[in-house]
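To start, the structure under review is shown below, and the notes come after it.
There are 2 protein chains.
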Amino acid sequence: MSIKIGIMGYGNLGRGIECAIKQNPDLELVAVFSRRDPKTVKILTEGVGVYHVDEVLNFKERIDVLVLCGGSATDLPTQTPEYAKYFNVVDSFDTHAKIPEHFENVDKTAKESGHIAVISSGWDPGMFSLNRLYASAVLPDGKDYTFWGKGVSQGHSDAIRRIDGVKDARQYTIPVDAALKAVRSGSNPELSTREKHERECFVVADDGADKAKIEQEIKTMPNYFADYNTTVHFITQEELDRDHKGIPHGGFVIRAGKTGWNRENSHIIEYSLKLDSNPEFTSSVIVAVARAAYRMHKEGMAGCKTMFDIAPSYLSALSPEELRANLL
Amino acid sequence: MSIKIGIMGYGNLGRGIECAIKQNPDLELVAVFSRRDPKTVKILTEGVGVYHVDEVLNFKERIDVLVLCGGSATDLPTQTPEYAKYFNVVDSFDTHAKIPEHFENVDKTAKESGHIAVISSGWDPGMFSLNRLYASAVLPDGKDYTFWGKGVSQGHSDAIRRIDGVKDARQYTIPVDAALKAVRSGSNPELSTREKHERECFVVADDGADKAKIEQEIKTMPNYFADYNTTVHFITQEELDRDHKGIPHGGFVIRAGKTGWNRENSHIIEYSLKLDSNPEFTSSVIVAVARAAYRMHKEGMAGCKTMFDIAPSYLSALSPEELRANLL
Chain E
1 MSIKIGIMGY
11 GNLGRGIECA
21 IKQNPDLELV
31 AVFSRRDPKT
41 VKILTEGVGV
51 YHVDEVLNFK
61 ERIDVLVLCG
71 GSATDLPTQT
81 PEYAKYFNVV
91 DSFDTHAKIP
101 EHFENVDKTA
111 KESGHIAVIS
121 SGWDPGMFSL
131 NRLYASAVLP
141 DGKDYTFWGK
151 GVSQGHSDAI
161 RRIDGVKDAR
171 QYTIPVDAAL
181 KAVRSGSNPE
191 LSTREKHERE
201 CFVVADDGAD
211 KAKIEQEIKT
221 MPNYFADYNT
231 TVHFITQEEL
241 DRDHKGIPHG
251 GFVIRAGKTG
261 WNRENSHIIE
271 YSLKLDSNPE
281 FTSSVIVAVA
291 RAAYRMHKEG
301 MAGCKTMFDI
311 APSYLSALSP
321 EELRANLL
Chain A
329 MSIKIGIMGY
339 GNLGRGIECA
349 IKQNPDLELV
359 AVFSRRDPKT
369 VKILTEGVGV
379 YHVDEVLNFK
389 ERIDVLVLCG
399 GSATDLPTQT
409 PEYAKYFNVV
419 DSFDTHAKIP
429 EHFENVDKTA
439 KESGHIAVIS
449 SGWDPGMFSL
459 NRLYASAVLP
469 DGKDYTFWGK
479 GVSQGHSDAI
489 RRIDGVKDAR
499 QYTIPVDAAL
509 KAVRSGSNPE
519 LSTREKHERE
529 CFVVADDGAD
539 KAKIEQEIKT
549 MPNYFADYNT
559 TVHFITQEEL
569 DRDHKGIPHG
579 GFVIRAGKTG
589 WNRENSHIIE
599 YSLKLDSNPE
609 FTSSVIVAVA
619 RAAYRMHKEG
629 MAGCKTMFDI
639 APSYLSALSP
649 EELRANLL
């Protein structure tokens, strides 16, 4: 008996979910839903249908967990509480500041309907959050640091593309090596924004555009670049397409803390990710969470959950006995 | 209302538990139990009594969680199932091959008495196990590797000390750098025992002892050293006491896995620990687990658990709301 998954939204994340389901024999994709005309949406899995969003309620009895692949800005704040009325759902809501509000909204409808709704799954929020929690619970007398990268920031790439004279662009966020070293030394340094990350931009300019002006505009852009050391490289569209098409990402969560009667011993806990594909890794976390959501619902639990509320064994395809014998 | 903790056994681990309790304002040490004459056991916390093991049942109503600090070879196999009849308990049972048997024994008495008994808490088993579970659930198409060190192995140090002509010794387990690099490359190499770890020994020989013979005996010792590249340094007792008195340890759990419709993307998940004091870090994990055991018992759960069964939020002193607002 496989766990039946529906995918709501078929962009990079939806496609990643589809690929991840293929890797997990206990999961089965039963339908993909899109706001586009279903005839125009080509998916990878043979024999699985694409349907218009409006048809999703017809699948109430056929889907165990609906994975919501919309964006955090406008889709998920309404979609997750709405679909939690009818389905167990998982989303990857990642606007950190609005998580408490989103949680309350989703919790209400999920509790009323008796479903499990897991929000903010992925790697940050997600695996990185878990590591912040575990490390701070174990080393309360300490400080943690999160670094992102090296990886592509879609938001920053978009910001560059909006500049006059820019044809295309790709921006990488890069942790500053000296900052990583300082944190790993256990000295718990105070680090400014500029000291933690730098930004590297690959820009394709329109013919005849004023490159010096573009570079200046990038480097002084408030919020996005002004607080960082930023490097700008002008390249051709061919070079961009050849060398910068991937969506790599990753990062580090590091906590340094003290133990001992007189705080005489230091400890460093470090978790890091190095990802070829940000959306595919996020999707891989989400499908494990979907498995957990199914199991928790089956045991009679309901309401909004985050990865903080999920006992790790629920995520694995292995039985508790197998986990204890092989992984403990 | 603090959570009341009792410590059973006062060696390195018991003392570590005492130090960790001091760092967690929601926990309170109420008693230490020892097989030794209580008058001979000096603890660090003022106003807390030391009692003989035989008195522990008098504390049934005064202790929320009893932390068992005995050894895995002979103490815990009998202590954990026995004390789970009367207390919520946490142990750090670390004989990996015997965990399933230990679990069954403990589960029986804990379920009968309605207590929570968490076994195999610490970092391996413990935090490393959690990371093996999370990483394999997220990247099912992959392979994980655990490396230990650089750190002191008590068992290997003891083995050297049993050799004729050896006065004192300290052994370090060290991950081989080339192996770490190969694993981080994502190539999922097959690694022999010798390729993964090397062993470095600091030995104080008796006056006039045959050092060449001692070195030979160490390097050819079956199970302990014969399968490893081993370096032996002869030093003085003064040097050993000065430079090798600490109990550092640590290690790495690394999983490399593939995603994508055609397995076209690679990902590396890495978790590492660098610990000044192995027993103090283990203790720090255990007290967080004790907090979780108390909460789970209060919610009506019972039976044997491992860290796999504990939702992460139970481990933290922060409330679910604080966790979502600050760490997610």
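Those protein sequence lines, which keep their order, are chains E and A. Counted from 1, the first sequence has number 200 at position 200 by the working numbering; the numbering is strictly sequential. Count along the second sequence from 1, then add 328; that gives the number in the working numbering. We put the CB at the ideal spot given by N, CA and C, even for glycine.
Own chain residues within Cβ distance below 7 Å of residue i, not counting five before or after
{"i": "A:A487", "result": "M549 and Y552"}
{"i": "A:G339", "result": "C397"}
{"i": "A:R591", "result": "D469"}
{"i": "E:H96", "result": "P125"}
{"i": "A:N352", "result": "V615 and A645"}
Cut-off 6 Å between Cβ atoms - residues of its own chain near residue i, not counting five sequence neighbours on either side
{"i": "A:H625", "result": "N416 and I444"}
{"i": "E:T259", "result": "N265"}
{"i": "A:V532", "result": "K495, D496, Q565 and L568"}
{"i": "A:K370", "result": "none"}
{"i": "A:I638", "result": "A620"}
{"i": "A:I597", "result": "A463 and R583"}
Minimum Cβ-Cβ distance from residue i to chain E less than 7 Å
{"i": "A:T670", "result": "With chain A covering 329 to 656 only, the question about residue 670 of chain A has no answer from this structure."}
{"i": "A:E608", "result": "yes"}
{"i": "A:L466", "result": "According to the sequence shown, residue 466 of chain A is Val rather than Leu. Yes, A:V466 lies at the interface with chain E (some Cβ there is under 7 Å from its Cβ)."}
{"i": "A:N516", "result": "no"}
{"i": "A:K541", "result": "no"}
{"i": "A:A598", "result": "The amino acid at residue 598 of chain A is misidentified as Ala; the sequence shows Glu. Closer than 7 Å: yes."}
{"i": "A:N590", "result": "no"}
{"i": "A:F636", "result": "yes"}
{"i": "A:S641", "result": "yes"}
{"i": "A:L357", "result": "no"}
{"i": "A:S644", "result": "yes"}
Min CB distance residue i to chain A below 7 Å
{"i": "E:P222", "result": "no"}
{"i": "E:G208", "result": "no"}
{"i": "E:G251", "result": "no"}
{"i": "E:R194", "result": "no"}
{"i": "E:K150", "result": "no"}
{"i": "E:S185", "result": "no"}
{"i": "E:P38", "result": "no"}
{"i": "E:T259", "result": "yes"}
{"i": "E:R255", "result": "no"}
{"i": "E:R324", "result": "yes"}
Contact belief for residue i with residue j at Cβ below 8 Å, rounded distance in angstroms
{"i": "E:T80", "j": "E:F93", "result": "7 Å"}
{"i": "A:A616", "j": "A:K471", "result": "So it is not a contact: roughly 29 Å between Cβ atoms."}
{"i": "E:V285", "j": "E:G122", "result": "5 Å"}
{"i": "A:G579", "j": "A:F456", "result": "7 Å"}
{"i": "E:T146", "j": "E:V253", "result": "5 Å"}
{"i": "E:D91", "j": "E:L76", "result": "5 Å"}
{"i": "E:L315", "j": "A:Y462", "result": "7 Å"}
{"i": "E:Y86", "j": "E:K60", "result": "5 Å"}
{"i": "A:I575", "j": "A:P607", "result": "6 Å"}
{"i": "E:I99", "j": "E:S120", "result": "6 Å"}
Cβ shell of residue i (< 8 Å), same chain only, five flanking positions each side left out
{"i": "A:E356", "result": "S330, I331, K332, I333 and I349"}
{"i": "E:G149", "result": "Y172, T173, I174, P175, H197, H249, G250 and G251"}
{"i": "E:L130", "result": "M307 and F308"}
{"i": "E:S136", "result": "G142, D144 and R255"}
{"i": "A:T521", "result": "D555 and Y556"}
{"i": "A:A412", "result": "V434, T437, A438, S441, H443, A445 and C632"}
{"i": "A:N654", "result": "L646"}
Any non-hydrogen atom of the ligand ZN within 6 Å of residue i CB
{"i": "E:T80", "result": "Ligands displayed in this structure: none; no statement on the ligand ZN is therefore possible."}
inquiry  = Quick check for students: name the residue ranges of the beta strand (DSSP E) that lie wholly in the stretch 138-179 of chain E, counting only runs of 3 or more.
reply    = 142-148 and 166-175
query = In the stretch 12-23 of chain E, which residues sit with their C-beta less than 9 Å from some C-beta in chain A, listed in chain order?
reply = Residues R15, G16, E18, C19, A20, K22 and Q23.
task = With a floor of 4 residues, list each alpha helix (DSSP H) that falls wholly inside the stretch 23-73 of chain E, ordered by position along the chain.
result = If we require 4 residues or more, the stretch 23-73 of chain E turns out to have no alpha helix (DSSP H) run fully inside it.
inquiry  = Output needed in chain order: residues of the stretch 610-634 of chain A with a Cβ under 7 Å from some Cβ in chain E.
reply    = S612, V613, A616 and T634
request  = Give, in chain order, every unbroken run of the beta strand (DSSP E) that is at least 3 residues long and sits entirely within the stretch 171-243 of chain E.
outcome  = 197-205 and 229-234
query = Hey, which unbroken runs of the beta strand (DSSP E) at 3 residues or more fall wholly within the stretch 301-326 of chain E?
reply = 303-305
ask   = If contact means a Cβ-Cβ distance below 8 Å, which residues of the stretch 94-112 of chain E contact chain A?
value = H96, I99, P100 and F103
key: Entirely enclosed alpha helix (DSSP H) segments - the stretch 391-458 of chain A, minimum 4 residues   = 404-411 and 427-441
Chain-ordered residues of the stretch 390-421 of chain A with a beta carbon less than 8 Å from chain E = Identification of residues in the stretch 390-421 of chain A having a C-beta nearer than 8 Å to some C-beta of chain E yields an empty set.
ask   = Listed in chain order, which residues of the stretch 237-249 of chain E have Cβ atoms closer than 7 Å to some Cβ of chain A?
value = none
ask   = Got a sec: which bits of the stretch 50-62 of chain E sit with their beta carbon under 7 Å from any beta carbon on chain A, in order along the chain?
value = Answer in chain order: no residues at all.
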